[in-house]
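Sequence lines, in order, name chains L and F. In this text, residue positions in the first sequence follow my numbering: the first is 1, and each later residue adds one. In this text, residue positions in the second sequence follow my numbering: the first is 218, and each later residue adds one.
2 protein chains.
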Amino acid sequence: MREEYRAELAEVTQTLVDMAEGVRDAMRQASAALLEADATGAEEVVLGDAETDARYHQVEERVYDLLARQAPVASDLRLVVTALHIGADLERMGDLACHVAKIALRRVPEVAVPEELRPVVGDMATTADRIAGKIADILRTADAARAAELERDDDEMDELQKQLYGLMLGTAWRHGVEPAVDGALLGRWYERFADHAVNAGQAVLYFVTGEAAAPAV
Amino acid sequence: MREEYRAELAEVTQTLVDMAEGVRDAMRQASAALLEADATGAEEVVLGDAETDARYHQVEERVYDLLARQAPVASDLRLVVTALHIGADLERMGDLACHVAKIALRRVPEVAVPEELRPVVGDMATTADRIAGKIADILRTADAARAAELERDDDEMDELQKQLYGLMLGTAWRHGVEPAVDGALLGRWYERFADHAVNAGQAVLYFVTGEAAAPAV
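What follows is the structure, encoded as structure tokens:
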């Protein structure tokens with residue numbers, strides 16, 4: 001019974017790893033499509049989100065199944081339910097990658113991001129990619145040091161968002177309202193992607209070690 | 218045992234009702250503060266969010282407790298876990314009310330919303346209030362017709378968001394970039410508030426009737 005429980009938990013973990021890698025790829029591809037006005041790449045991201053949703057559904061089904069059949073004790077129970085929170089964060093990260101891809105699509109064949117914003121948006125994309133990569137890492141290795149880095153990564157993302165808004169609200173801005181509205185939303189989406197990743201990362205550490213103070217939700 | 222289970226479930230439901238009413242009040246007060254540049258009102262919303270968070274924590278504790286002590290059967294299990302999803306949506310709605318309040322605070326003593334946007338922002342606030350009110354109603358009355366209305370309310374919110382963006386991107390816009398960036402974020406927050414309410418409403422219907430096809434998450 002205990003062994004069966006562990007095996008089922010490992011399956012949930014593997015599905016979460018697949019989700020984490022999937023949303024990381026999605027955001028990477030969405031960012032590339034955004035900065036290169038690549039319609040095909042952006043469309044792939046939007047279509048690919050159904051797979052993330054399906055995996056989240058799998059996580060849910062497995063968790064319910066596990067709870068019903070194994071009736072885990074209180075501490076394990078909390079841990080198993082944490083998988084749902086992680087899945088929900090990852091699912092939302094996939095949605096945010098779609099939002100970025102849709103901004104790219106709305107402006108094709110133009111690049112949606114004016115030239116002077118591209119370096120900072122590129123940095124946001126790089127930070128998002130690094131953060132998302134850590135979720136899968138922590139799921140696989142239960143590395144607490146890696147999880148601790150996430151707060152710093154998130155601060156970096158907040159700083160980049162401030163830079164982005166500063167450029168749009170500065171006196172040198174010559175692009176008018178539309179790219180600023182897109183820029184405001186883009187900034188928000190990268191920032192939310194990082195927030196969800198930090199939430200997921202803290203919950204993941206608890207999920208794989210059972211040792212954090214509380215799951216982040 | 219069964220009776221005890223029902224009593225505990227009723228307690229969870231009551232905490233969710235309190236959360237739903239709390240976030241409804243928060244968004245109503247945030248919207249009023251936004252449109253009247255009322256710093257005190259906006260600050261109250263920001264400070265008050267801790268109570269919503271505390272209630273969400275209560276929902277979590279009660280759900281874990283209930284799962285551990287009552288070990289519900291598979292169908293009840295799914296239902297009990299749904300309370301966590303509802304709580305998470307409501308908690309997020311509280312955050313979004315705070316975001317609106319913070320925009321108000323950033324521009325005080327100015328009104329953050331330019332005059333020609335106020336009617337549509339006012340309509341978004343009214344729609345948000347109506348939607349949030351339905352969550353508590355459905356929790357109390359299990360009224361499926363009320364839950365069915367939420368999709369239409371959400372469509373209305375999407376339509377209002379389009380109107381808002383149309384005004385900011387139209388040729389008559391004379392306010393430059395900053396109020397447009399605020400406006401883009403405000404539109405997004407009301408829209409997300411409605412999205413979470415629709416999610417919560419569908420999950421609530423399942424939670425109180427056990428009869429919907431699946432919980433919305």
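We put the beta carbon where it would ideally sit given N, CA and C, even for glycine. Fair warning: this is a prediction, and the values are worked out from it, not measured in the lab.
For Val276 of chain F, the closest Cβ of chain L is not nearer than 8 Å.
Those residues of the region 119–134 of chain L placed with their C-beta closer than 7 Å to a C-beta in chain F do not exist. In terms of beta-carbon proximity, Met385 of chain F lines the interface with chain L, with at least one pair separated by less than 8 Å. A residue is called buried when at least 16 other Cβ atoms come within 10 angstroms of its Cβ; Glu115 of chain L does not meet this threshold and is exposed. Annotated three-state conformation of Thr127 of chain L is helix, per DSSP. Around the beta carbon of Val290 of chain F, a 10 Å sphere encloses fewer than 16 other beta carbons of the protein chains shown; the residue is thus reported as exposed. Contact annotation: in the region 392–410 of chain F, residues whose CB is within less than 7 Å of a CB in chain L are Val394, Glu395, Ala397, Val398, Ala401, Leu402, Arg405. Judged by DSSP secondary structure, Thr388 of chain F falls outside any alpha helix (DSSP H); it is assigned neither H nor E. Under the three-state reduction of DSSP output, Ala349 of chain F falls in the helix class.
Beyond the five residues adjoining it in sequence on each side, Ala364 of chain F comes within less than 6 Å, by CB distance, of Ile355, Gly418, Leu422 in the same chain, given in chain order. Any Cβ of chain L closer than 8 Å to the Cβ of Ala414 of chain F would place that residue at the interface, and such an atom is absent. Within its own chain, the residues whose Cβ lies closer than 6 Å to the Cβ of Tyr56 of chain L, once the five positions on either side in sequence are excluded, are Gly87, Glu91, listed in chain order. Contact annotation for Tyr64 of chain L against chain F: Ala291, Leu294, Arg295, Val298 [CB-CB distance below 9 Å, chain order]. Rounded to the nearest angstrom, the gap between the Cα atoms of Arg106 of chain L and Asp372 of chain F is 21 Å.
C-alpha of Gln161 of chain L to C-alpha of Met124 of chain L: approximately 8 Å in a straight line. Separation of the CB atoms of Gln163 of chain L and Val120 of chain L is rounded to 5 Å, and the pair is thereby assigned contact status at 8 Å.
Around Cys315 of chain F, the same chain offers Ala243, Ala247, Val262, Val263, Asp266 as residues with beta carbons nearer than 8 Å, after the five sequence neighbours per side are excluded. Here the alpha carbons of Ala101 of chain L and Leu35 of chain L stand approximately 10 Å from one another. Here Glu327 of chain F carries a coil assignment [DSSP, helix/strand/coil]. By the neighbour-count criterion, in which a residue is buried when 16 or more other Cβ atoms sit within 10 angstroms of its Cβ, Ala349 of chain F is buried.
Taking C-beta separations shorter than 7 Å and ignoring five residues to either side along the sequence, the partners of Ala259 of chain F in its chain run Ala247, Ala250, Ala318, Ala321, Leu322, following chain order. DSSP places Ala180 of chain L inside the alpha helix (DSSP H), whose first and last residues are 177–209.
Taking all protein chains shown into account, Ala203 of chain L has 16 or more neighbouring C-beta atoms within 10 Å of its C-beta and is therefore buried. One Cα belongs to His413 of chain F, the other to Leu367 of chain F, and the distance between them is close to 11 Å. Between Val276 of chain F and Met168 of chain L, the gap from beta carbon to beta carbon reaches 8 Å or more.
Counting of Cβ neighbours within 10 angstroms places Glu221 of chain F among the exposed residues, the total staying below 16. Under a 10 Å Cβ-count criterion, Glu191 of chain L is classified as buried, with 16 or more other Cβ atoms of the shown protein chains found around its own Cβ. No Cβ of chain F is located within less than 8 Å of the beta carbon of Leu150 of chain L. In the DSSP assignment, Val46 of chain L falls within the unbroken alpha helix (DSSP H) covering 39–70.
The beta carbons of Thr127 of chain L and Ala20 of chain L sit no closer together than 8 Å. Between Asp153 of chain L and Arg188 of chain L, the C-beta spacing is not below 8 Å. Contact note: Tyr165 of chain L reaches chain F through Val398, using a C-beta cutoff of 9 Å and chain order.
Nearest C-alpha to Asp282 of chain F among F:Ala271, F:Met310, F:Val298: F:Val298.
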